[in-house]
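**Q** Each residue of the sequence shown is one higher than the one before, starting from 535 at the first, in the working numbering.
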Amino acid sequence: MEQEIDLRPYFLAIARRWRLILLLALIAAVTAASLTLALPNRYRYQATALVSMLIRQTGSEIGIDRPLVAIQSIDVGARRQGLVRLSQSSSIEASLPHEVLQQVTEPGYRPGMLANGGRIEVVQTGDILEIRATGATPEAAKLLADAWAQTFVEQAQTIFDDDHSRVRLAGVATLPYAPLSSGVVRNTAIAGFLGIIIGLVAAIALEFVRRPGSAPLPAPRERAVGEPTPTR
Numbered sequence: 535m536e537q538e539i540d541l542r543p544y545f546l547a548i549a550r551r552w553r554l555i556l557l558l559a560l561i562a563a564v565t566a567a568s569l570t571l572a573l574p575n576r577y578r579y580q581a582t583a584l585v586s587m588l589i590r591q592t593g594s595e596i597g598i599d600r601p602l603v604a605i606q607s608i609d610v611g612a613r614r615q616g617l618v619r620l621s622q623s624s625s626i627e628a629s630l631p632h633e634v635l636q637q638v639t640e641p642g643y644r645p646g647m648l649a650n651g652g653r654i655e656v657v658q659t660g661d662i663l664e665i666r667a668t669g670a671t672p673e674a675a676k677l678l679a680d681a682w683a684q685t686f687v688e689q690a691q692t693i694f695d696d697d698h699s700r701v702r703l704a705g706v707a708t709l710p711y712a713p714l715s716s717g718v719v720r721n722t723a724i725a726g727f728l729g730i731i732i733g734l735v736a737a738i739a740l741e742f743v744r745r746p747g748s749a750p751l752p753a754p755r756e757r758a759v760g761e762p763t764p765t766r
């Protein structure tokens with residue numbers, strides 16, 4: 535026989551401690567907003583360059599004596615994945631011109647800080663790769679995006695030099711007209727939601743978890759028929 539779960543005690547516990555839930559949500563939201571505004575964000579501008587990668591599954595090799603020597607087939611998914619990985623690798627950063635690195639980096643720069651430091655983001659949409667670069671100024675962001683995209687195209691054409699792949703620069707970056715959003719609204723909303731969840735758990739825990747060392751009150755005993763009523 536199934537036993538029904540009574541949820542009324544949980545709702546009552548939440549209703550009695552709604553102030554605690556609201557307080558925790560406000561504390562979490564204010565803390566997240568304060569930290570987001572306080573943390574410095576040097577690279578506030580983002581520019582995007584476009585690269586097209588057309589991949590064919592089959593390809594042919596033309597010989598001198600015969601019009602068709604061989605037909606080869608490749609894994610299109612693996613080739614596309616290899617190109618995407620190459621576009622995000624530190625080998626692109628290592629091949630950037632020295633004068634470009636001087637303009638888009640700061641003192642203390644070490645190799646790999648662009649690829650692994652969040653300055654470069656690659657987004658694939660079909661056969662188009664969006665090379666998104668961030669910089670302290672609009673000019674630095676555009677320069678980095680264009681240089682990264684051009685260097686990637688050159689390396690891709692060298693490594694995947696066959697009849698299956700065609701990688702080309704599809705569009706240069708434009709100067710960003712406004713800085714990136716600081717994310718205050720998003721971070722505040724997420725922290726407030728988490729604060730509500732923590733408040734709900736705390737309200738239920740405070741209602742049903744006894745303090746250490748406390749004992750439950752004894753249940754009243756029913757008197758037998760004819761038993762005299764105890765007097766003080």
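Where is the CB? At the ideal position from N, CA and C, for every residue including glycine.
1. Let's test the definition: count the other Cβ atoms within 10 Å of the Cβ of S791 and tell me whether it reaches 16, buried, or not, exposed.
2. Considering G726, what are the terminal residues of the alpha helix (DSSP H) in which it resides?
3. What's the gap between the Cα of G652 and the Cα of Q637?
4. Taking the straight line between their C-alpha atoms, what separation do you get for R720 and D696?
5. Where does the unbroken alpha helix (DSSP H) through T685 begin, and where does it stop?
6. Quick check: what's the CA-CA separation for I548 versus A737?
7. Tell me whether G651 counts as near the ligand FAD, meaning its Cβ is closer than 8 angstroms to at least one heavy atom of that ligand.
8. Measuring CA to CA, which of I561, Y544 and V634 is closest to A683?
9. May I have the straight-line CA-CA distance separating R666 from E655, to the nearest angstrom?
10. Could you round the C-beta distance between V585 and A704 to whole angstroms and report it? I think they count as a contact, below 8 angstroms.
11. Out of R644, I539 and Y544, point me to the one whose CA is closest to L734's CA.
**A** According to the structure shown:
1. Nothing about residue 791 can be reported from this structure: the residues present for the chain run from 535 to 766 only.
2. V718 to F742
3. 17 angstroms
4. 46 angstroms
5. P672 to I693
6. The alpha-carbon atoms of I548 and A737 are separated by roughly 6 angstroms.
7. The ligand FAD is absent from the structure shown, which contains no ligands of any kind.
8. V634
9. 5 angstroms
10. 6 angstroms
11. Y544
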